[in-house]
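For reference, the structure discussed in these notes is given below.
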Amino acid sequence: AQSVTQLDSQVPVFEEAPVELRCNYSSSVSVYLFWYVQYPNQGLQLLLKYLSGSTLVKGINGFEAEFNKSQTSFHLRKPSVHISDTAEYFCAVRTAGRGSTLGRLYFGRGTQLTVWP
Amino acid sequence: EPEVTQTPSHQVTQMGQEVILRCVPISNHLYFYWYRQILGQKVEFLVSFYNNEISEKSEIFDDQFSVERPDGSNFTLKIRSTKLEDSAMYFCASSAPGQYEQYFGPGTRLTVT
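If you read the sequences in order, they're chains S and U. Every letter in the first sequence is one number past the one before it in this note's numbering, and letter 9, counting from 1, is 80. Every letter in the second sequence is one number past the one before it in this note's numbering, and letter 37, counting from 1, is 27.
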């Protein structure tokens, strides 16, 4: 089984500042990695994903994440945040490979990003 | 853009009652999932469903839970006799053939009193 750790439960930042939300995972097999965002009273929206290839992946709303296999991390970054980025961010992993289309997602506890003016 | 929908958005029920949570997955998706999030805890996998049968279920998904795809569009989660600890946000998700990412609905908040 896999597990995901999001060390920061809350991250407050000022508008236009850079931000990094940390995610570490534990797995004995290869994984696919995802970041989801949840705005207030809404569902989980896919922000970006890493399946293979370049370890730096870009997502929606200017976010990017870097997969680091040796450190088993997949940190999410944005160089300049907006107030509208205030939301909860979830890191998730699942087993990689053919035949695993049905794989369950394992989620971290989430990080509440609050952007102040 | 197609999206997963869920009804109701909020359900209040008494302990011991049966509830059915409904989901309409994205139309060309073939893989369906239920997850739940108890307040303050992680989002947890409950069950995956493909080709009209359960593919995988977690230890949470005991005999009190069942899933069904009664027609070509709906996907339901039934809890036969609700307990206080079933109070949570329940998320439905779906994915398409060849896709590894899952698309989530807005959730149903279930409150058991």
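We treat Cβ as the ideally placed atom computed from N, Cα and C, and that holds for glycine. All figures in this text were calculated on a predicted structure; none of them were measured in a lab.
Can you give me the Cβ contacts of residue i inside the same chain, cut-off strictly under 7 Å, excluding the 5 residues immediately before and after it?
i	result
S/S80	R180, T182 and Q183
U/T72	T3, M5, G6, Q7, V9 and V102
S/S101	A167 and G168
U/P(-8)	I16 and S17
S/N95	T76, T143 and S144
Distance cutoff 8 Å, beta carbons only. Does residue i sit that close to anything in chain S?
i	result
U/G95	yes
U/F51	no
U/Q92	yes
U/F81	yes
Might you give, ordered along the chain, the residues of its own chain that have their beta carbon closer than 8 Å to the beta carbon of residue i, omitting 5 neighbours on each side?
i	result
S/R175	R165
Go through its chain and collect everything with a Cβ distance to residue i's Cβ below 6 Å, but skip five positions before and after it.
i	result
S/A150	The displayed chain sequence assigns Pro, not Ala, to residue 150 of chain S. Excluding residues within five positions, the ones whose Cβ falls inside 6 Å are P89.
U/Y21	Y40 and S85
U/L11	L67, Y80 and T98
S/L122	Y103
U/F65	C13, P15, F22 and R59
S/R148	E91 and E135
U/S38	Y23, S45 and E46
Just mark residue i as buried or exposed, buried being the case when its beta carbon has 16 or more other beta carbons within 10 Å.
i	result
U/D52	exposed
S/W106	buried
U/D76	buried
S/F85	exposed
U/K32	buried
S/L115	buried
With 8 Å as the threshold, decide whether the Cβ of residue i is near any Cβ in chain U.
i	result
S/G130	no
S/R175	yes
S/Y121	no
S/R93	no
S/R165	yes
S/L118	no
Quick check on this structure: which residue in the options has the alpha carbon closest to the alpha carbon of residue i?
i	options	result
S/A163	U/I50, U/E43, U/S56 and U/F35	U/F35
U/L100	U/Y25, U/P(-8) and U/S17	U/Y25
S/K140	S/I131, S/L127 and S/P111	S/L127
U/E91	S/L119, S/S98, S/T185 and S/Q109	S/L119
S/V152	S/Q113, S/Q116, S/S97 and S/V82	S/V82
S/I131	S/W187, S/S99, S/Y177 and S/D156	S/D156
Please go through the stretch 46 to 74 of chain U and give each complete beta strand (DSSP E) segment of 3 or more residues, from N-terminal end onward. 55 to 58 and 65 to 69
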